[in-house]
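In terms of this note's numbering, the sequence shown opens at residue 1 and continues consecutively. Just so it is clear, CB atoms sit at the ideal spot from N, CA and C, and this is done for glycine as well.
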Amino acid sequence: MIEADYVGFDVPDSMLPADGTGFITASTDELFCNACTWTSRKWEHTSKSGNLLVRLFYKSSHPSYASIKDLDHDGLLKVALRDIEKGLGITAEPVVNVITNWSGQMPSQAQKTLIH
């Protein structure tokens with residue numbers, strides 16, 4: 001199971017660290033996400049105004065996934081905003097967000113093992 005959250009802010013991309021296009025997290029209690037991509041930097045066409053667009057991934061392999069998997073849209077957005085604040089120091093209100101649940105659409109590691 002994977003959740004992908006896109007969150008856009010009316011803040012300049014320059015609020016991010018100068019180098020890089022995102023980060024991958026260790027499976028710890030610090031952040032709920034597995035990874036964060038600065039989509040507006042990695043693929044500039046995703047933000048014509050140059051404002052920040054962030055993509056976060058939440059995978060069932062993360063220890064905290066069980067505590068968020070049944071949250072509604074608003075609950076998942078709160079988790080994403082908490083991760084953005086803790087990971088990037090950004091506290092701005094989002095101007096856009098899209099949350100996609102890919103449950104059952106991608107094989108999990110356990111399913112891959114059974115296939116082989």
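Inset, instruction - Could you tell me whether the stretch 28-35 touches the stretch 68-82, using the rule of 3 or more Cβ pairs below 8 Å? - result: yes
Legend entry - Backbone CA spacing between residue 39 and residue 78 [nearest angstrom]: Approximately 19 Å between the Cα atoms of the pair.
Legend entry - Three-state class that DSSP yields for residue 100 in the structure shown: strand
Legend entry - Identified DSSP bridge partners for residue 84: Residue 84 pairs with nothing; no bridge assigned.
Inset, instruction - Measure the C-alpha to C-alpha separation of residue 21 and residue 42 and round it to an integer number of angstroms. - result: 6 Å
Inset, instruction - Please report the residue range of the beta strand (DSSP E) in which residue 24 lies. - result: 22-24
Legend entry - DSSP three-state assignment for residue 69, whether helix, strand or coil: coil
Inset, instruction - Name the two residues that bound the continuous beta strand (DSSP E) containing residue 39. - result: Careful: residue 39 lies outside any beta strand (DSSP E), inside the alpha helix (DSSP H) at 39-42.
Inset, instruction - Measuring only between beta-carbons, confirm whether residue 35 sits less than 7 Å from chain D. - result: This model lacks chain D altogether, as it is built from one protein chain only.
Legend entry - Nearest-angstrom Cα separation, counted from residue 97 out to residue 8: 6 Å
Legend entry - Residue from 17, 37, 18 with nearest C-alpha to residue 25: 37
Inset, instruction - With DSSP collapsed to three states, give me the class of residue 19. - result: Note: residue 19 maps to coil in three-state DSSP.
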